[in-house]
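Below you'll find the structure, written out as structure tokens, and then a few comments.
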Amino acid sequence: MVFRVPFIRPVFPSPAEISADFQEIAAANWFTNFGPKERQFAAAIGARFGEPYQAVTFSNATLAIMGALLVLLGRGDGSRGVLVPSFTFAAGPQAIQWCGYRPVFLDIDPGTLQPSADDARERLERDPAVAAILLCNTFGIGSAQVGEWEALAAEYDLPLVIDSAAGFGSRYADDRPVGVAGTCEVFSFHATKPMAVGEGGAVLTRDPELAVRLSEFTNFGFSAASGAVAPGLNGKLQEINAAIGLRQLERIDALVRARQTALAGYRERLGDDRFGWPEGIERSSVCFATVLLPDRATRDRARDALVAGGVEARTYYSPPVHRQPHFAADAAELDLPGTEDAGHRVLSVPVYADMSEEDRALVLDLLDPEGGG
Ligand SMILES: *Cc1c(COP(=O)(O)O)cnc(C)c1O
């Protein structure tokens, strides 16, 4: 089905710009393996956050999460777990399994779409076999409790990896940029994210040793002198993707402002009474506009009306990860009522940096046929 208003419409550099970049890359005859564009892109991301932060680029964010867990924890034998919310994208729990750990699913509060640090503390009291925490800045929205998570991780001496896949350009409640918290944070530059490259990702960390080991992980675990010194794979970002990333980096703040303006327009018309907005969404890079409706029937009706009217609406994350067949063994006897509730009531509608008035009006009229008068 072709939608008049598709869910995602990335704003990319022009074909002429990308073609100019490719001519430069071809002239240098250097297409991947930490070439000049990748070096410049990693440095530019690091510089955006300032000292002491460093960025390590990856070919995608899933491998970046894997790299972070593997470098921080070593390979597991399946006996230990990593705390992770079920209300997230499956990439994180998949990465946990690839590293030899069990996803230990946490419930969320539907109001924040975030797990509570107090619940996690209880879990840690009961389950000494937890090796790390994978917090998720869901939909790129910086967790309002991130300081509590950092304190909890410090108290239990656990690494805190934060999946901020969609959160490049977002800010936390205290105005720090998303990226600077935890042991490290992971960004995706997938075509569906506000900071869109196609395929790509990065880890941001203030630990220079971790940065070196993550970079080695992307290159078969090679260290300069000795060949393979650690588990690794091929997770390198190629030059053309880094070149696109450099161009996107120059205008990401303008793109994010435009997305926030579009979100504010939705919110002004829809109000905060009938539509529940996740806490802090206005400080995020707004990968799409997510609302919670009062109940499942209302949500389903709204989605059906949008789709019938040519607007591609989605219901992330429904089903949540613990309800997906592959994770059945990790979900046995799990009861996550907040997660189920959010999955039944959540609805996400498109937001673009260059969204036209007409497209925005169509979304609003379908979502709220009675309102707007
Ligand atoms: C998109 C996304 C990922 C995966 O990113 P890739 O770069 O496609 O591997 C991981 N986690 C979350 C929460 C995401 O939204």
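Residue numbers (the working numbering): 3 to 375.
Note that the Cβ used here is the ideal one computed from N, Cα and C, for glycine as well.
Would the beta-carbon of residue i fall within 8 Å of that of residue j?
i      : j      : result
Leu212 : Cys186 : yes
Val199 : Gln250 : yes
Asp121 : Pro339 : no
Ser350 : Gly169 : no
Phe191 : Gly247 : yes
Asp332 : Pro105 : yes
Leu294 : Val353 : no
Phe24  : Val323 : no
For ligand 1, any of its heavy atoms closer than 7 Å to the Cβ of residue i?
i      : result
Ala355 : no
Ala256 : no
Ala63  : yes
His192 : yes
Cys138 : yes
Gly94  : yes
Asp165 : yes
Phe224 : no
Gly203 : yes
Thr317 : no
Phe89  : no
Ala168 : yes
Lys195 : yes
In three-state terms, what does DSSP make of residue i?
i      : result
Glu314 : coil
Ser118 : coil
Glu187 : strand
Gly375 : Only weak support is given to the placement of Gly375: the predicted model assigns it a pLDDT of 45, under 50, and the question is left unresolved by the model.
Phe24  : helix
Asp367 : helix
Gln147 : coil
Ala226 : coil
Asn243 : helix
Asp165 : strand
Asp159 : coil
Leu136 : strand
Gly234 : coil
Leu257 : helix
Asp356 : coil
Gly80  : coil
Could you name the residues that DSSP lists as bridge partners for residue i?
i      : result
Arg173 : Pro179
Gln56  : Thr207
Phe107 : Val86
Thr292 : Ser350
His192 : Gly200
Can you find a CB in chain B that lies within less than 8 Å of the CB of residue i?
i      : result
Ala155 : This model lacks chain B altogether; it includes just one protein chain.
Query - the stretch 53-60 contacting the stretch 98-112, beta-carbon criterion three pairs below 8 Å - result: No contact exists between the stretch 53-60 and the stretch 98-112.
**Report entry** Segment contact, 8 Å Cβ cut-off, at least three pairs: the stretch 81-100 with the stretch 214-221
**Finding:** Of all C-beta pairs linking the stretch 81-100 to the stretch 214-221, fewer than three are shorter than 8 Å, placing the two stretches out of contact.
Query - Inter-stretch contact (C-beta, 8 Å, three-pair minimum) for the stretch 144-159 and the stretch 305-318 - result: Too few Cβ pairs lie closer than 8 Å, so no.
Requested in this report: Determine contact between the stretch 358-368 and the stretch 257-273, defined as no fewer than three beta-carbon pairs at a distance below 8 Å.
Outcome: Note that the stretch 358-368 touches the stretch 257-273; at least 3 beta-carbon pairs, one per stretch, sit closer than 8 Å.
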